Amino acid sequence: MSDNQEFNESEFQDQMNAFFERADAVITLANSQLSPSSHAGQVAASLNYAAARFAVSAATIGFVKGSDLAKEKDDIIKFYTEKYQQMLSENLEQYIENFDQYTQLAKGAQS
1 MSDNQEFNES EFQDQMNAFF ERADAVITLA NSQLSPSSHA GQVAASLNYA
51 AARFAVSAAT IGFVKGSDLA KEKDDIIKFY TEKYQQMLSE NLEQYIENFD
101 QYTQLAKGAQ S
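End of the sequence shown sits at 111 in UniProt numbering; the numbers just go up one at a time, nothing left out.
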């Protein structure tokens, strides 16, 4: 491997930390939207819609013509669908493994 291609553990860890900080910031924003008039399901639906809109915006960077984007539409949908399914599965597994702890935390927050 050349110096440019060598795996940099520190840089990778910094990127992962930044990734999770961004995700946590979005989750904090979503939690702030919870109220008697907007329950978790409604907020989750809005969050999914926003994620889809933002993903489309990010995916279209670099395209010059709509017709070129149209040719890539199925691949873009497949990419984001597979990533979402993977992340959803991983988070469900984590929640299942920590169910008692997580539900106790939720009960404590409601008290």
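Note that CB positions come from ideal geometry on N, CA and C, so glycine has one too. The structure presented is a predicted model; accordingly, all values stated were derived computationally and were not measured.
Should L34 and V26 be called a contact, given that it needs their Cβ atoms to be closer than 7 angstroms?
-> As a working mapping, residue 34 is identified with position 34 in the sequence shown. As a working mapping, residue 26 is identified with position 26 in the sequence shown. For L34 and V26, no; Cβs fall outside 7 angstroms.
Spatial distance of G108 from E9 (CA atoms) | Translated into positions along the sequence shown, residue 108 becomes position 108. Translated into positions along the sequence shown, residue 9 becomes position 9. C-alpha separation (whole angstroms): 37 angstroms.
Which residue or residues does DSSP assign as beta-bridge partners of S35?
-> For the purposes of this step, residue 35 is identified with residue 35 of the sequence shown, where counting begins at 1. In DSSP, S35 forms a bridge with S38.
Using 8 angstroms as the threshold, is the stretch 60-69 in touch with the stretch 81-89, meaning 3 or more CB pairs across them?
-> With a cut-off of 8 angstroms, the stretch 81-89 and the stretch 60-69 do not count as touching, because too few Cβ pairs lie within range.
List the endpoints of the continuous alpha helix (DSSP H) containing N91.
-> Here residue 91 is taken as the residue at index 91 of the sequence shown, counted from 1. G66 to E97 is the extent of the alpha helix (DSSP H) around N91.
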